[in-house]
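J.:
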Amino acid sequence: MAHQVLGAVNITIRLEIVDYNSTIAKIEMFQKAETSVGTIEFPNATLWFNIQQTKYAVENQTLTGTTDATVQYNGMGTKNCKVYQYQSEGTTMKLYVDKEIGWIMKIAFNSETGNVDLNLTDTNISALK
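Following this note's numbering, the residues of the sequence shown are numbered contiguously, the last one being 185.
1. State whether the segment 65-76 contacts the segment 89-99, with contact taken as three or more CB pairs (one from each stretch) at a distance under 8 Å.
2. Between the alpha carbons of K150 and I163, how many angstroms are there, rounded?
3. Who are M149's beta bridge partners in DSSP?
4. Quick one: give me the first and last residue of the beta strand (DSSP E) that G121 is part of.
5. If I'm right that M132 touches K185 with Cβ under 8 Å, what's the distance once you round it to whole angstroms?
6. Could you have a look at A101 and say whether DSSP puts it in helix, strand or coil?
7. Terminal residues of the continuous beta strand (DSSP E) containing I80?
8. Using a threshold of 8 Å, is the CB atom of S78 nearer than that to any non-hydrogen atom of the ligand ADP?
9. Buried or exposed: where does V93 fall if 16 or more other Cβ atoms within 10 Å of its Cβ makes it buried?
10. Going by C-alpha distance, which of W104, L71, N171 is nearest T79?
11. Where I160 and Y152 are concerned, what is the direct C-alpha to C-alpha distance, given to the nearest angstrom?
12. Name the DSSP bridge partner or partners of G133?
13. Pick out whichever of P99, T179, T95, D75 has its Cα sitting closest to the Cα of M85.
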C-alpha cells in the first residue's frame with residue numbers, strides 16, 4: 057500500500073470579537089485548511105465568556121477540567137493563566153486565560169492528526185502589555 061503525501065498545508069484561523077459589553081463577549085472562530093488538492097472550511101465555532109465571572113463556554117465542547125499555568129509571552133511578559141480544557145470528537149482544546157483581566161492569551165488544539173497552538177502576539181489592550 058502506498059501513501060500519498062499532500063505537501064504543505066496552510067491553516068488559517070481567525071478570531072473575531074463580534075459582540076462585547078461590560079459583562080459578556082462573543083468570539084467567532086473561523087478556520088480553513090488549504091492544500092495542493094483543495095480547501096477545507098471548518099464549521100465556525102462560537103465562544104462566549106462572561107467577563108465578570110470569568111467562566112468560559114465553548115459551543116459543542118465539553119469542559120473536562122481547569123488548571124493553573126504560568127506562561128511567557130513575547131512582548132507581554134509572564135502571565136498567570138487559568139487553563140480551561142475541553143473535549144469534543146477526538147480533539148482536546150485548551151484556553152489559556154490571563155487571571156488578572158480574564159483575556160484569552162492562547163488556544164491549543166491537540167488531536168490524532170496534529171497539534172496547533174494559537175498565541176496572542178499583539179493586542180491593543182493596554183492591561184496586557
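Every residue gets a Cβ at the ideal spot worked out from N, C-alpha and C, and that includes glycine.
For clarity, every value in this text was computed on a predicted model and none was experimentally measured.
T.: Reading off the structure:
1. Judged by pairs of C-beta atoms under 8 Å, the segment 65-76 touches the segment 89-99, as three or more such pairs exist.
2. Taking the sequence shown and counting its residues from 1, one reaches residue 150 at position 94. Taking the sequence shown and counting its residues from 1, one reaches residue 163 at position 107. Going by the C-alpha atoms only, they are around 6 Å apart.
3. Indexing the sequence shown from 1 puts residue 149 at position 93. Answer is Y142, F165, bridged to M149.
4. Here residue 121 refers to the residue found at position 65 of the sequence shown. Where G121 is concerned, the enclosing beta strand (DSSP E) stretches over 118-129.
5. The residue you call residue 132 lines up with position 76 of the sequence shown. The residue you call residue 185 lines up with position 129 of the sequence shown. With a Cβ gap of about 6 Å, M132 and K185 count as contacting.
6. For the purposes of this step, residue 101 is taken as residue 45 along the sequence shown, with counting starting at 1. Here A101 sits in strand by DSSP.
7. Position 24 of the sequence shown, counting from 1, holds the residue named residue 80. 80-90 is the span of the beta strand (DSSP E), which, as asked, contains I80.
8. Looking for the ligand ADP in the displayed structure turns up nothing, as the structure carries no ligands at all.
9. Counting from 1 along the sequence shown, the entry for residue 93 is found at position 37. Label assigned to V93: exposed.
10. What you label residue 79 is simply residue 23 of the sequence shown in a count that begins at 1. Here the closest residue by C-alpha is W104.
11. For the purposes of this step, residue 160 is taken as residue 104 along the sequence shown, with counting starting at 1. For the purposes of this step, residue 152 is taken as residue 96 along the sequence shown, with counting starting at 1. Straight-line Cα distance between these residues: approximately 6 Å.
12. To locate residue 133, count along the sequence shown from 1; it is residue 77. Under DSSP, the beta-bridge partners assigned to G133 are Y129.
13. Sequence index remark: in the sequence shown, residue 85 carries index 29 (1-based). Minimum Cα distance to M85 is reached at P99.
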